[in-house]
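Those letters in the sequence shown? Residues 824 to 1397, per the numbering used here, in order.
Built from N, CA and C at the ideal position, the CB exists for glycine as well.
Notes follow the structure.
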Amino acid sequence: MKKTILLISIIFSALLTMVANANTLTGVITDAEGNPMNGVMVRVTDAQSIVSEVVYSNPQGEYKLATILEGDLSIRTRLPYFKDQMASVSLTGTANLDLVMEPMTDLAEISDSLPAAYHFGSLPFEEGDDANFNRHQFQRDCLSCHQLGNTYSRNPGNAEYWLGTVIRMHRMYGSFDEELRDERTKLLAEGFTTDPLMLRPEFPIDPALQTAKIYEYAITPAYVPHDSIIHPDTGTIYTVDQVFDHMVVTDPETGDSKYVQQRDSLAMKFHLGSPILSNDDLGEFDPDLSKGPHSMSLGNDGKYYVTNTGDTSIGVFNPNTDQWEPSFAIPADSGARYPHTIRTNSRGELWITFAGSEHVGRLNPVNGEFTIIDLPGGRVGNGILSEATQPYGVDINPIDDAMWYSRLFADKVGRIDPDTLEITEYDSVVRGPRRMRFDKEGTLWVTGYSEGELAKVNIENGFDVTVYDMPSFAEDIRVAPYALGVHPDSQDIWINENMTDRVYRFLPDEERFIVYPMPLTGTYTRDMTFSASGQVCASNNPLPPAALEGGVLEIFCIDPNYDPNSEADGLAIN
């Protein structure tokens, strides 16, 4: 009886604490003439926890944030072509804060506020499909890991800077062609100027913003927190860092993260701020020491399987213990290099693309056996820097368990029969097919990275493709869709677009896009993952980290069904 009373007391106390921590911030945002401002981003940040929450104003200029954040909070409002407004509030219970937005008038300020896509898209690209430096070729070559054209990366007129940068980037493709190097250097050094960009993209404000809320969780130390997955049972967010070799384990209800280092990793040994060594051991960081965890998939056994790009292995992380287990080394004599993206089929086998060679592979995690498959034609890429095709995206058809893959630099999409391993390849209708996902009906969705397209592929009777041009909000500008995810309930397509500081959502039944402005400039996101309650999460990790506004990398979650009249009893509830 005493135990029962104690349990009831604990539950009642917890409920009181939840209600006590449910705070509400409201206000109205207007222009200088008192007109209400629609679609203004209102970002509230708790400096102690480095957690932020974002809502948007409605057509009446009103905003309402239900949150567990409390105490001294900083506020920032943002809307294209208006100056950011900064404020602070002490929030306990309820508070009201009205703000007035002022338009930008300085041409340089307006130009610098435009996302990278508009500066990059204004470069003097060569014309013609066969040109070395046409737009689609340039976009695929140079935007693979970071934006190009934001305030961090433009370096106008600096030929010396661009020469060093192009040499470094071309070497990553194995290209030492001096003529190509010099041509690209000249285009970048002369194309990015100090003259203000006069282009004025028209950004829409979708009604969906009125029911959207974004949660941001800063993660540090971090360098390339790559793919994230939300655990289907616990709601915990797991993220691998490709440089620091750790798994970031984030509680979305509190924003707290812990960092679990891979076994035998030396990646953090010489990094300033390493959590595993004292200051006496600090030195110069060597990225070649890292294992390079990049992509991951939840196996049928409940463990995460991770592509280690650095040491060519498949890492294993057990979420029940939050510990790494022994990795599976990919046979060196197979020729397979740089395990890239990984997915699990219905049998529990792991399918992998190898971006550094012309292979895909399959791992049986029960016995550790790999099946490495040579792709047709070998090095048949159409890039100017390398003949490699870069096998990239992969997903499993839920209807027949067949594995599908893309070859980014060959404009190919392929299918592998799960039983016979027979390969069928198709010419991709979209240039630069990058990552792909199936919906529950067996329709394949593919991002066309080179020209800002979304492909819907009906494979029931062959390879029937419908292409949707993603809106860029300005003439002759193309966006850069990296990856996508299919919402398990609504089947909406959520797209990681990486040059406009926005996340795109495609509604298949309506054949239209919704665009969500993101809180930070320089945003570069990876794979989408979904919570049980319908939230959409991803990492935000441009290279280098300093390219992201504020310089602190993060995980974010978008709640597209936020009810501002509901009581908050946590951060992102899963």
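With 16 or more neighbouring CB atoms inside 10 Å of its own CB, K1036 falls in the buried class. Look at the beta carbons and you see the segment 1038–1054 touching the segment 1369–1377: at least three pairs across the two are nearer than 8 Å. Around the beta-carbon of M1119, 16 or more other beta-carbon atoms lie within 10 Å, marking it buried. One thing to note: A845 has its Cβ within 8 Å of the Cβ of I891. Contact annotation: S1354 and G1058 have beta-carbon atoms nearer than 8 Å. Distance from the CA of P1340 to the CA of E925, rounded to the nearest whole angstrom, comes to 19 Å.
Going by DSSP, Y1339 is part of the beta strand (DSSP E) stretching over R1335 to P1340. By the neighbour-count criterion, in which a residue is buried when 16 or more other Cβ atoms sit within 10 angstroms of its Cβ, Q1146 is exposed.
Rounded to whole angstroms, T1130 and L1366 show a C-alpha spacing of 19 Å. Burial is judged here by how many other beta carbons sit within 10 angstroms of a residue's own beta carbon; D895 has fewer than 16 and is exposed. Residue pairing by DSSP places H993 opposite no residue, since no beta bridge is assigned to it.
Residue state for Q1146 is assigned as strand, using DSSP reduced to three classes. The three-state secondary structure of T1034, taken from DSSP, is helix.
The beta carbon of V874 is closer than 8 Å to those of T868, L892, Y1038, E1039, Y1040, A1041, G1078 and L1394 in its chain, skipping five residues each way along the sequence.
Beta-bridge pairing by DSSP links F1261 to L1267.
Closest option to K1081, judged by alpha-carbon separation, among T1073, D1087 and T900: T1073. Close CB contacts of L986 within its chain, under the 6 Å cut and outside five residues either way in sequence, are with T1008 (chain order). In the DSSP assignment, the residues bridged to C1360 are T1352 and C1380.
In this chain, the beta strand (DSSP E) harbouring Q1084 covers S1080 to Q1084. Non-local C-beta neighbours of L1020 in its own chain, meaning closer than 7 Å and more than five positions away in sequence, comprise S934, L937, Y941, H942 and S945, ordered along the chain.
Counting C-beta pairs with one atom in each stretch, the segment 1010–1020 and the segment 1326–1345 have fewer than three that are closer than 8 Å, which means they do not touch.
In this chain, Y1128 is not harboured by any alpha helix (DSSP H); it is covered by the beta strand (DSSP E) spanning Y1127 to N1131. Comparing C-alpha distances from G1216 to each of D1242, I1207 and L1267 shows the shortest one belongs to L1267. By the neighbour-count criterion, in which a residue is buried when 16 or more other Cβ atoms sit within 10 angstroms of its Cβ, G1191 is exposed. Around T1194, the same chain offers G1184 and R1185 as residues with beta carbons nearer than 7 Å, after the five sequence neighbours per side are excluded. In the three-state reduction of the DSSP assignment, L902 falls in the coil class, being assigned neither a helical nor a strand state. Here the segment 900–917 does not lie against the segment 1255–1267, with fewer than 3 beta-carbon pairs under 8 Å apart. Secondary structure at K1114: coil, using DSSP grouped into helix, strand and coil. Take the alpha-carbon of T847 and the one of A889: they are about 5 Å apart. The segment 1292–1299 and the segment 1021–1029 touch, with three or more beta-carbon pairs separated by less than 8 Å. Straight through space, the alpha carbons of G1138 and E1274 are spaced by roughly 34 Å. For L920, no beta strand (DSSP E) run applies, since DSSP gives it neither H nor E.
With respect to D1234, R1202 sits apart: the two C-beta atoms are not nearer than 8 Å.
DSSP places F943 in the uninterrupted alpha helix (DSSP H) bounded by A939 to F943.
Sequence-distant Cβ neighbours of T1289 in its own chain, meaning closer than 6 Å and more than five residues away, are K1279. Rounded to the nearest angstrom, the Cβ distance from L922 to A939 is 27 Å, too far for a contact under 8 Å.
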